[in-house]
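Residue numbers (our numbering): 44 to 221. Glycine is no exception: its CB is placed at the ideal position from the N, C-alpha and C atoms. All values derive from a computational prediction rather than experimental measurement. Structure, as structure tokens:
Okay, here's the thing in structure tokens:
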């Protein structure tokens, strides 16, 4: 594991600032540009939108265990979330590092999450919509997770979730996974 000073870094994680044009009609924003991925082999295979009407909704911590590597580009279309990522790639210098960031639609940022990282977030506002560009298709049989409040990672969640799925509530802790 890296030193405390670098613990919030994850190898390959990138934050892209999209462009936004505003006029009397509203806004037009770029949330994906293939130039951002030149040379790393990111090819969009699936695009998903997650809609969450209520603040304090938690999703995570999720990751792909086998199958095609699953990188994703996450962009908030509306609302604010507290994002948490954990690097689960044993050969990465940032293995087991935790990255957190408050992300809002107003910031106009897109977060590139490398394959092999667990991701989770909690909504800090109502009406959160997240746009995901995926490098592979979702494969239910290769999907896994661990508890969002696993003491091994000590993720500094800003609040306790009010809405959480049974699956996310009942994941095992990371070190208990077989």
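Problem - One or two residues paired with residue 164 in a DSSP bridge - result: As a position in the chain shown, residue 164 is number 121, starting the count at 1. Bridge partners of residue 164: 102, 126.
Exercise for the section: Pull up the DSSP beta-bridge partners for residue 177, would you. Expected result: Counting from one through the chain shown, the residue named residue 177 turns up at place 134. Answer is 89, 115, bridged to residue 177.
Handout entry: For residue 107: DSSP bridge partner residues
Key = Working through the chain shown from its first residue, we reach residue 107 at position 64. Answer is 186, bridged to residue 107.
Exercise for the section: Verify whether the separation of the beta carbon atoms of residue 56 and residue 201 is less than 8 Å. Expected result: Walking along the chain shown from the start, residue 56 turns up at place 13. Walking along the chain shown from the start, residue 201 turns up at place 158. It is not a contact, given that the beta carbons lie outside the stated cut-off.
Practice task
Could you say if the stretch 93 to 104 and the stretch 157 to 168 meet the contact criterion of at least three C-beta pairs nearer than 8 Å?
Solution key: Yes, since at least three Cβ pairs between the stretch 93 to 104 and the stretch 157 to 168 fall closer than 8 Å, the two stretches touch.
Practice task
For residue 71, collect the residues of the same chain with a Cβ closer than 6 Å to its Cβ; drop the 5 residues on either side in sequence, then sort them by chain order.
Solution key: Looking up residue 71 in the chain shown gives position 28. Counting only Cβ-Cβ distances below 6 Å, and skipping sequence neighbours, we find 64.
Exercise for the section: Count the other CB atoms, across all protein chains shown, that sit within 10 Å of the CB of residue 46; report buried if there are 16 or more and exposed otherwise. Expected result: Translated into the one-based positions of the chain shown, residue 46 becomes position 3. With a pLDDT of 34 at residue 46, under the threshold of 50, the modelled position of this residue cannot be trusted, and the question is left open.
Problem - Top-ranked residue by Cα proximity to residue 53, from 62, 61, 130, 220 - result: In the chain shown, counting from the first residue as 1, residue 53 sits at position 10. Closest by alpha carbon: 130.
Exercise for the section: Could you tell me whether the stretch 163 to 183 touches the stretch 117 to 128, where touching means 3 or more Cβ pairs closer than 8 Å? Expected result: yes
Exercise for the section: State buried or exposed for residue 66, treating a residue as buried only when at least 16 other CB atoms are found within 10 Å of its CB. Expected result: Position 23 of the chain shown, counted from the start, is the residue given in the question as residue 66. It is exposed - the Cβ of residue 66 has fewer than 16 other Cβ atoms within 10 Å.
Problem - Paired residues, beta bridge with residue 94 - DSSP - result: As a working note, residue 94 is residue 51 in the chain shown. Partner(s): 172.
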